[in-house]
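Under my numbering, the first residue of the sequence shown is numbered 618, with each subsequent residue one higher.
Think of the CB as a built atom: it goes at the ideal place given N, C-alpha and C, for glycine as much as any other residue.
This report concerns only the one structure given below.
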Amino acid sequence: MPRFYVPNPRIEQELLKVEGSEVRHIRRVLRLKVGDRLVLFDGSAKEYEGVIVEESPSSVVMKVEDILSPQKESPLEITLAQSLLKGEKMEYLIQKATELGIKKIIPFFSSRSVPLLDKSKKLRRYHRWEKIAIEACKQCGRIAVPKVEPLQNYSEMLGMAPSEALRLILWEKKGQGLKEVLKGSAGRTKIFFVVGPEGGMSDEEIGEAQKAGFTPITLGKRILRSETAGLCLLSVLQYEWGDLG
């Protein structure tokens with residue numbers, strides 16, 4: 618059944634009204650009508666299955682037949698802090714990281730980030746990223762929408778890492794091997810890792826991260842693109858400690 622995102626749903630007498638942008642998707646894109654079945658999810662923990670009983674240009678009303686709390690979320694709380702990427706690369710990263718079970722994404726500016734954005738572009742890009750995360754959840758069956766934070770500067774981003782989390786920063790120049798780090802950190806459920814821009818992190822930025830408790834790591838002898846590196850590490854973490862495979 619098609620899935621739609623409805624934050625903070627209100628159910629009255631087994632009826633749930635859908636309003637906003639999802640109405641267009643339901644009525645005009647998929648052309649669903651009275652009698653058709655669908656699934657709604659609230660972005661936190663629940664899904665609502667039912668049938669459309671009423672529709673109008675501005676709303677769709679579903680009769681709720683079942684409320685579910687499926688276990689589709691990873692046991693890991695992984696945060697990816699990603700240096701701003703050009704155009705569609707950032708959108709691709711957010712989409713795929715959502716599919717792979719990321720908990721939070723923090724875009725940030727580093728000294729070699731391209732492009733730099735003015736205030737209006739930051740806001741538009743932020744809302745676009747939120748929408749991409751929601752759409753990815755609809756497609757992959759997740760019930761919890763990952764949190765996409767507003768753009769941060771580098772120091773602010775480092776300060777957002779919980780003290781109890783395994784804090785990692787990818788560095789192509791030097792660092793512990795990923796296998797070594799995983800063996801020495803088995804059982805961790807909170808991971809916060811940082812991926813720099815295409816030009817890499819500066820020595821000064823790595824030093825600042827180390828002072829904040831981050832461990833530089835390497836993924837191997839080949840240099841991966843920024844959007845590839847983050848998804849690679851996320852996949853390995855989910856396979857080793859999470860729910861992938």
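G652 versus D659, C754, A662 and V670, residue with shortest Cα-Cα distance: For the set D659, C754, A662 and V670, the Cα lying nearest the Cα of G652 is the one of V670.
For P624, the nearest candidate out of K748, P814, A782 and D683 (CA to CA): K748
Candidates S686, G718, I711 and R745: closest to P692 by CA position: G718
Alpha helix (DSSP H) segments (min. 4 residues) lying fully within the region 668-729: 704-716
Host alpha helix (DSSP H) of T806 (start-end): Unbroken run through T806: none, as it is neither H nor E.
Pick from Y856, L854, E631 and V812 that is closest to R729, judged by C-alpha positions: V812
Classification of S727 by the beta-carbon crowding that lies within 10 angstroms, buried from 16 upward: That one is buried.
Nearest-angstrom Cβ-Cβ length linking M618 and R654, presumed shorter than 8 Å: 5 Å
C-alpha gap between G837 and L795, whole angstroms: 8 Å
Collapsed DSSP secondary structure at I840 in the structure displayed: Note: I840 maps to coil in three-state DSSP.
Span of the alpha helix (DSSP H), counted from its first residue to its last, around V798: Per DSSP, V798 is one residue of the alpha helix (DSSP H) stretching across L795 to G801.
Whether A761 touches S661 by CB criterion (8 Å): With contacts defined by Cβ atoms closer than 8 Å, A761 and S661 form a contacting pair.
Assigned secondary structure, R645 (DSSP; H/G/I helix, E/B strand, else coil): helix
Short Cβ contact (8 Å threshold) for F810 with L785: yes
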